[in-house]
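Enquirer:
Residue numbers (this note's numbering): 32 to 143.
#1: Tell me the DSSP secondary structure of residue 53 in three-state form.
#2: Unbroken alpha helix (DSSP H) runs of length 4 or more, entirely within the segment 55-99: which are they?
#3: At which residues does the beta strand (DSSP E) containing residue 40 begin and terminate?
#4: Counting along the chain, where does the beta strand (DSSP E) carrying residue 112 start and finish?
#5: Applying the 10 Å Cβ sphere with the 16-neighbour rule, what's the burial state of residue 48?
#6: Would you decide whether residue 92 is buried or exposed? Buried here means 16 or more other CB atoms lie within 10 Å of its CB.
#7: Check the C-beta distance from residue 51 over to residue 42 and give it rounded, since I have them as a contact under 8 Å.
#8: Looking at the strands, I want to know which residues DSSP matches up with residue 118.
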């Protein structure tokens with residue numbers, strides 16, 4: 032999704048009644064700010080590659096400051112950053128490989 036699912040597409044999808052998503056990808060702060068501005072007023076969500084986002088939590092805070100409709104996390108253990116998302120309010124979705132997750136965390140998506 033990174034750099035392909037931008038604000039214009041996300042805004043148009045949300046305007047049409049769907050959930051438009053900005054592909055936050057690896058967490059390019061400047062690009063993310065531009066895409067939220069381009070999306071305009073429709074409620075959009077944002078997706079991230081979790082292992083990269085965990086190294087730069089300021090990008091998550093930047094996205095959360097835009098009051099996204101949802102946050103999507105992919106490819107790593109969401110539990111270290113899940114409380115930050117949950118306390119901000121948007122629903123979250125997690126896509127992960129249960130075989131690559133630490134033992135006992137296969138239900139992590141349910142706790143978000």
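Glycine included, each C-beta is placed from N, C-alpha and C at the ideal position.
Expert: In terms of the structure at hand:
#1: Strand.
#2: Complete alpha helix (DSSP H) runs here, min 4: 60-70, 81-84, 88-95.
#3: Boundaries for residue 40: no beta strand (DSSP E) harbours it, while the alpha helix (DSSP H) harbouring it runs 38-46, taken from the DSSP string.
#4: Taken as a continuous stretch (DSSP letters only), residue 112 belongs to no beta strand (DSSP E), as it is neither H nor E.
#5: Label assigned to residue 48: exposed.
#6: Exposed.
#7: Yes, residue 51 and residue 42 are in contact; Cβ-Cβ is about 6 Å, under 8 Å.
#8: Bridge partners of residue 118: none, in fact.
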